[in-house]
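According to the working numbering, the residues represented by the sequence shown are 18 to 476, in order.
Structure first, commentary second.
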Amino acid sequence: MAADFNDPGVIDPTEAAMLVDQYELTMADSYLRRGMNDEAAFELFVRNLPPNREWLLAAGLGPTLRLIEDLRFDRRALDYLASLDRFGDELVDYLAGFRFSGDIDAIPEGTICYAGEPLLRVTAPRVEAQILETLLLNQIGFQTLVATKAARVVLAAGDGAPGAGGNVVDFSPRRDHGADAAVKVARSAALAGCGGTSNMLAAMLYGLRPVGTMAHSYVLSFADEEAAFRAFVEDHPRPTILLVDTYDTLDGVRNAIAVSEAEGVRLAGIRLDSGDLDALSRGARELLDAAGLRDAQIAASGDLEEDHICRLVAAGAPIDLWGVGTELGTSRDAPALGVVYKLVADRSGERWRRVGKRSEAKATIGGRKQVWRRYRDREMAGDVIARLDEDVEGEPLLVPAVRGGERVLDESLEQVRERSRIQLGALPSRLRSFPAPDDVEPYPVELSPELAAAPGAGV
18 MAADFNDPGV IDPTEAAMLV DQYELTMADS YLRRGMNDEA AFELFVRNLP PNREWLLAAG
78 LGPTLRLIED LRFDRRALDY LASLDRFGDE LVDYLAGFRF SGDIDAIPEG TICYAGEPLL
138 RVTAPRVEAQ ILETLLLNQI GFQTLVATKA ARVVLAAGDG APGAGGNVVD FSPRRDHGAD
198 AAVKVARSAA LAGCGGTSNM LAAMLYGLRP VGTMAHSYVL SFADEEAAFR AFVEDHPRPT
258 ILLVDTYDTL DGVRNAIAVS EAEGVRLAGI RLDSGDLDAL SRGARELLDA AGLRDAQIAA
318 SGDLEEDHIC RLVAAGAPID LWGVGTELGT SRDAPALGVV YKLVADRSGE RWRRVGKRSE
378 AKATIGGRKQ VWRRYRDREM AGDVIARLDE DVEGEPLLVP AVRGGERVLD ESLEQVRERS
438 RIQLGALPSR LRSFPAPDDV EPYPVELSPE LAAAPGAGV
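Here's what the structure looks like:
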């Protein structure tokens with residue numbers, strides 16, 4: 018089938034069912050032929066934390082559950098599969114009536130989590146659970162990766178103060194890897210505490226605060242910088258932030274002040290997008306304060322990430338707002354998350370059978386699991402991964418999300434954002450500094466004694 022180059026790139030719920038790898042369908046075809054569609058349990062987890070990451074912030078569950086709820090193989094998809102002459106009629110007929118009917122338990126969005134911990138468990142007829150594999154890995158893995166990066170930036174910009182990320186803005190859509198990614202980045206950044214986005218589509222879809230004024234091209238379109246500023250405030254006579262580094266940055270600040278005074282429009286602030294942000298922000302602050310504009314804010318952008326922001330904050334640079342783009346949207350220092358989806362148990366009748374891989378370096382621990390978290394003085398003190406039926410001290414992290422194909426966990430972005438704020442505040446202080454010292458003590462994640470004795474434990 019020829020590619021549709023008019024496709025906008027945002028995943029369509031009516032076509033999401035075809036976001037499968039071929040092997041999921043070849044396996045499903047065989048399962049159906051052999052009558053192997055009894056209930057099975059799959060768990061999604063991260064094998065190892067990526068470089069420069071001491072923790073993860075779970076994200077993507079809400080949008081993914083909505084996709085799963087709407088999964089349908091439409092006539093176009095069914096005709097395509099039949100045309101391949103690869104799958105039996107039984108599979109195509111089965112997919113024609115596909116509806117997810119199983120259960121999903123998951124760690125809610127905005128929760129701190131770690132390698133080895135199941136972020137999500139699917140319990141459903143084997144074919145249904147298998148077909149969800151690629152969709153879940155694609156959606157949960159990417160959004161968790163980006164939310165984690167955004168949370169690190171939020172903590173850095175707040176000088177370690179959790180929830181201070183209202184001063185961070187997502188500037189990433191032009192550098193994100195596709196339209197769907199750009200929308201998911203904006204939501205994940207908001208979940209982590211960012212205060213706005215330049216992405217108008219995401220702002221419209223998720224009710225986010227849209228942010229932005231002008232680019233250098235606007236300034237370059239006029240005879241000089243002052244003329245550009247004057248035209249902009251005349252056309253947008255509201256408090257605004259002007260971009261001042263097209264030519265000489267401090268002269269740009271002076272021009273912004275002059276136009277603000279001449280036009281009688283309050284200058285909300287100025288944006289620095291290049292150069293020595295420490296020195297330039299100090300110079301800009303002096304000029305603004307001398308003009309009586311002590312409330313005018315200084316925004317900074319330009320390849321910012323958490324380490325750079327931390328250094329500027331520690332140096333006392335008077336920067337109020339941070340626009341973070343490429344580094345946030347691509348998680349450039351750790352652009353991939355090793356998330357996997359593995360069969361851990363199946364059953365025939367009432368009896369469950371634990372299954373797990375024993376292959377070298379990729380062994381898995383069989384059986385359905387729960388994660389328990391302990392706190393000490395409101396700070397996370399350690400996690401225990403246990404069998405589902407074990408009673409362990411602490412707070413259970415996986416909660417019911419879907420029952421019998423129906424969503425039972427339906428949280429607003431505001432609820433998830435609040436959980437994220439609380440969770441970031443409960444992180445041990447040693448895990449909230451950037452860059453983390455090479456000898457930083459990792460967060461303790463243990464296996465329960467019963468689970469530790471299972472094949473594959475500790476691998």
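Just so it is clear, CB atoms sit at the ideal spot from N, CA and C, and this is done for glycine as well.
Assigned with DSSP and collapsed to three states, Cys327 falls in helix. When only Cα atoms are considered, Arg288 and Pro466 end up about 55 Å apart. Here the alpha carbons of Val356 and Ala248 stand approximately 50 Å from one another. Less than 8 Å separates the beta-carbon of Gly79 from that of Glu126.
Counting other Cβ atoms within 10 Å of its Cβ, Lys359 reaches 16 or more and is therefore classed as buried.
When C-beta atoms of the region 106-114 are compared with those of the region 34-51, three or more pairs fall below 8 Å, so the two segments count as touching. One Cα belongs to Pro417, the other to Ala123, and the distance between them is close to 7 Å. Assigned with DSSP and collapsed to three states, Glu251 falls in helix. Two segments are said to touch when three or more pairs of C-beta atoms, one from each, lie closer than 8 Å; by this definition the region 370-380 does not touch the region 151-165. The alpha-carbon of Ala167 is positioned some 12 Å away from that of Arg349. Straight-line measurement puts the Cα of Ala244 at about 37 Å from the Cα of Ala173.
By the beta-carbon neighbour count (other beta carbons within 10 angstroms, threshold 16), Met397 is buried. Assignment of Ser189 by DSSP, reduced to helix, strand and coil, places it in the coil class. Taking the C-beta atoms as reference points, Thr347 is found nearer than 8 Å to His194.
Straight-line measurement puts the Cα of Gly119 at about 7 Å from the Cα of Val419. Here His325 is buried: its Cβ has 16 or more other Cβ atoms, across all protein chains shown, within 10 Å.
Counting only residues of its own chain and dropping the five nearest sequence neighbours on each side, Val37 has a CB closer than 8 Å to the CB of Ile148, Glu150, Thr151 and Leu152. For secondary structure counted as the beta strand (DSSP E) over 3 or more consecutive residues, the region 284-343 holds these complete runs in sequence order: 284-289, 314-317 and 338-341.
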